[in-house]
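K.L.:
Before we start, here is the structure in question, set down as structure tokens.
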Amino acid sequence: MMFRRAASLLLLLSFSGAAAARPGYADFPIEPVEIPPSIQQGLDLIYIDPEIAPAVRERDKLLKEIGIEDKLGSPVDLLLPLNPFYTDLRRGLTRYRAAWGRLPQVQVPSGPLLKPGAKGERVSALRERLGLGAGSVFDESLANAVRRYQKVHGIKADGIAGEGTIASLNLGADHYKRLLKINLERARRLPGTAEKGRYVLVDVGAARIYLFENGRVQDTMKAIVGKPGSATPMMAALIRYASINPYWNVPPDLAKTLVAPRVLADGLGHLKAERYEVLSDWTTDATVVDPSTIDWKAVADGTTEIRVRQLPGRGNSMGAIKFMLPNEFGIYLHDSPDKSLFNNEERWISNGCVRVEDARKLATWLFGDMPKAANPDREEDVGLAGPVPVYMSYLTAGATSEGIVFRKDRYDRDAAVLARYSIGAGKLAMALE
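Residue numbers for the sequence shown follow the numbering used here, beginning at 746 and rising by one.
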């Protein structure tokens, strides 16, 4: 494993007893643990289940044999059946070079924002940078050119050249071509078009889920993924079963910051209203504890840690179903009771797990129908007939019918990857030029 988990080891061990009750899934937590930051989480996937890695590794071996494994952005999809995201990004790189790489890469001096009506030398530099005719007035043609640039480069397309837009322009087209090559490398690590069967791709960079079958996208839906402080990791694992009517085991940090302050403010009635119960420990043999015996101030202060879980059913934060891919980070896919959140552009708000926009659709795709539990008030596990892989990648650029669109690097991974390559030796460093 790439991660050094010293900071989260005690928490991980506290979860292991609960998971051990499920045969074959020992030592895996039932809720997210803290994932230490790592610059290695820039390109590569962590293979939780090694059996789903060989196809990717075999392609890498073939690329090495033909001598192009280190040439980022090469048209290797013409030689090997790579993921369609790779082909789309590679074609997008060609279009980006033609549309933006040919423009004068002059620097625009910093200063106050530039908007329609502005005049002066900075406006002249901006016009030159965006390939417009000579002039010193910020007219409508310049505003439209700024909007086009902003739309492609992940900036609010308001036609005003503020500090962020100027900084982006001054990075130059070569910087963005390097970012595209980094994303091509991420896409190269995904299953190719020749690989049979089904798998789920979670593109954390886009907060979106894709359902693949026999190498092609069959369906897609929105996702809610980890916020920057609890990033969803780049990993690959197998969905082995689903939990119907799941409990939500509240992460200890949320018990401290969310539950305890409300109990102190509103009394123990808050627990009943939200259908929370306190348990004695994290094992499957845990017993329910009288909440009046808990020092809730100590919980809020962080000096006492307790286990709180939310009962199945109405308002449960897991919704109606969890899709379980046992892993030591406690990451899984699950339903959500608040569907309105999927309408937001900002969907990087979870504690690391992946909330699914249409859990019923995903369940039907996996199981053939939405599984049902015998008792609507109890959690019940339903096994899949055969495990289905889930690949969680992080693409900060995507291809559209109009060309490439860059996305905000919400986890600040791109800079670390670029720095790692730019200071490295050999073909990889040269390939980024």
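All C-beta atoms, glycine included, are put in the ideal place defined by N, C-alpha and C.
What is the rounded straight-line gap between the Cα of N1120 and the Cα of Y921?
P.N.:
What you label residue 1120 is simply residue 375 of the sequence shown in a count that begins at 1. What you label residue 921 is simply residue 176 of the sequence shown in a count that begins at 1. N1120 and Y921: Cα-Cα distance of roughly 54 angstroms.
K.L.:
Beta carbon of P708, beta carbon of R867: below 8 angstroms?
P.N.:
No answer is possible for residue 708: it lies beyond the span of the chain, which begins at 746 and ends at 1178.
K.L.:
Tell me whether the beta-carbon of D948 lies closer than 8 angstroms to the beta-carbon of L956.
P.N.:
Along the sequence shown, one-based indexing puts residue 948 at 203. Along the sequence shown, one-based indexing puts residue 956 at 211. No, Cβ-Cβ distance for D948 and L956 is not below 8 angstroms.
K.L.:
Since I believe Y1139 is in contact with R1158 (beta carbons under 8 angstroms), could you give me their beta-carbon distance rounded to a whole number of angstroms?
P.N.:
Residue 1158 sits at position 413 when you count from the first residue of the sequence shown. Residue 1139 sits at position 394 when you count from the first residue of the sequence shown. Contact holds; Cβ gap of about 6 angstroms.
K.L.:
Have a look at H1079, R1100, L877 and flag the residue whose alpha-carbon is nearest the alpha-carbon of Y894.
P.N.:
For the purposes of this step, residue 894 is taken as residue 149 along the sequence shown, with counting starting at 1. Comparing Cα positions, the closest option is L877.
K.L.:
How should K806 be labelled, buried or exposed, when 16 other C-beta atoms within 10 angstroms of its C-beta is the threshold for buried?
P.N.:
Translated into positions along the sequence shown, residue 806 becomes position 61. It is exposed - the Cβ of K806 has fewer than 16 other Cβ atoms within 10 Å.
K.L.:
Going by beta carbon distance, what residues of the same chain come within less than 6 angstroms of R1052, once the five residues before and after it are set aside?
P.N.:
Position 307 of the sequence shown, counted from the start, is the residue given in the question as residue 1052. Counting only Cβ-Cβ distances below 6 angstroms, and skipping sequence neighbours, we find L1024, W1027.
K.L.:
Report the residue from R923, M1115, A843, L875 whose alpha carbon sits nearest the alpha carbon of F1068.
P.N.:
Indexing the sequence shown from 1 puts residue 1068 at position 323. The shortest C-alpha separation from F1068 is found at M1115.
K.L.:
Rounded to whole angstroms, what is the Cα-Cα separation between G856 and R1155?
P.N.:
Translated into positions along the sequence shown, residue 856 becomes position 111. Translated into positions along the sequence shown, residue 1155 becomes position 410. If you take the alpha carbons of G856 and R1155, they lie about 26 angstroms apart.
K.L.:
Taking its Cβ as the centre, do 16 or more other Cβ atoms sit within 10 Å of E930, making it buried, or is it exposed?
P.N.:
For the purposes of this step, residue 930 is identified with residue 185 of the sequence shown, where counting begins at 1. E930 is buried by the Cβ-count criterion.
K.L.:
Looking only at DSSP bridge pairs, what is M1137 linked to?
P.N.:
Numbered from its first residue, the sequence shown carries residue 1137 at position 392. Answer is V947, M980, bridged to M1137.
K.L.:
Just to confirm, is the Cβ distance from R1092 to V970 under 8 angstroms?
P.N.:
On the sequence shown, residue 1092 is found 347 positions in, with the first residue counted as 1. On the sequence shown, residue 970 is found 225 positions in, with the first residue counted as 1. Against a cut-off of 8 angstroms, the Cβ pair of V970 and R1092 comes out as a contact.
K.L.:
If you reduce the DSSP assignment to three classes, tell me which class G1079 lands in.
P.N.:
One-based indexing of the sequence shown puts residue 1079 at position 334. One detail in the question is off: residue 1079 reads as His in this sequence, not Gly. Reduced to three states, the DSSP call for H1079 is strand.
K.L.:
Could you round the C-beta distance between I791 and P973 to whole angstroms and report it? I think they count as a contact, below 8 angstroms.
P.N.:
Residue numbering aside, residue 791 sits at position 46 when the sequence shown is read from its first letter. Residue numbering aside, residue 973 sits at position 228 when the sequence shown is read from its first letter. That pair is no contact at about 19 angstroms.
K.L.:
I want to know whether the segment 927-943 touches the segment 1088-1103 - three or more CB-CB distances under 8 angstroms.
P.N.:
no
K.L.:
Starting from R931 and walking both ways along the beta strand (DSSP E), at which residues does that stretch end?
P.N.:
Working through the sequence shown from its first residue, we reach residue 931 at position 186. Per DSSP, R931 belongs to no beta strand (DSSP E); it is in the alpha helix (DSSP H), 918-933.
K.L.:
Could you spell out where the beta strand (DSSP E) holding W1093 opens and where it closes?
P.N.:
Residue numbering aside, residue 1093 sits at position 348 when the sequence shown is read from its first letter. Residues 1093-1095.
K.L.:
Between the Cα of G1047 and the Cα atoms of A1031, P1132, G950, T1002, which residue gives the shortest distance?
P.N.:
As a first step, residue 1047 must be located in the sequence shown, where it is residue number 302. Measuring from the Cα of G1047, the nearest candidate turns out to be T1002.
K.L.:
I need the straight-line Cα distance from R835 to L823, nearest angstrom please.
P.N.:
Taking the sequence shown and counting its residues from 1, one reaches residue 835 at position 90. Taking the sequence shown and counting its residues from 1, one reaches residue 823 at position 78. R835 and L823: Cα-Cα distance of roughly 11 angstroms.
K.L.:
According to DSSP, is W1041 part of a helix, a strand, or is it coil?
P.N.:
Start at 1 with the first residue of the sequence shown, and residue 1041 comes out as number 296. Helix.
K.L.:
Assign R802 to one of two classes, buried (16 or more other C-beta atoms within 10 Å of its C-beta) or exposed (fewer than that).
P.N.:
The sequence position of residue 802 within the sequence shown is 57, counting from 1. With a 10 Å radius around the Cβ and a threshold of 16 neighbouring Cβ atoms, R802 comes out exposed.
K.L.:
Kindly indicate which residue of L838, A1161, G787 has the alpha-carbon position closest to the one of A918.
P.N.:
Looking up residue 918 in the sequence shown gives position 173. Per the Cα distances, L838.
K.L.:
Exposed or buried, R1059, counting other C-beta atoms within 10 Å across all chains shown (16 or more means buried)?
P.N.:
As a position in the sequence shown, residue 1059 is number 314, starting the count at 1. That one is exposed.
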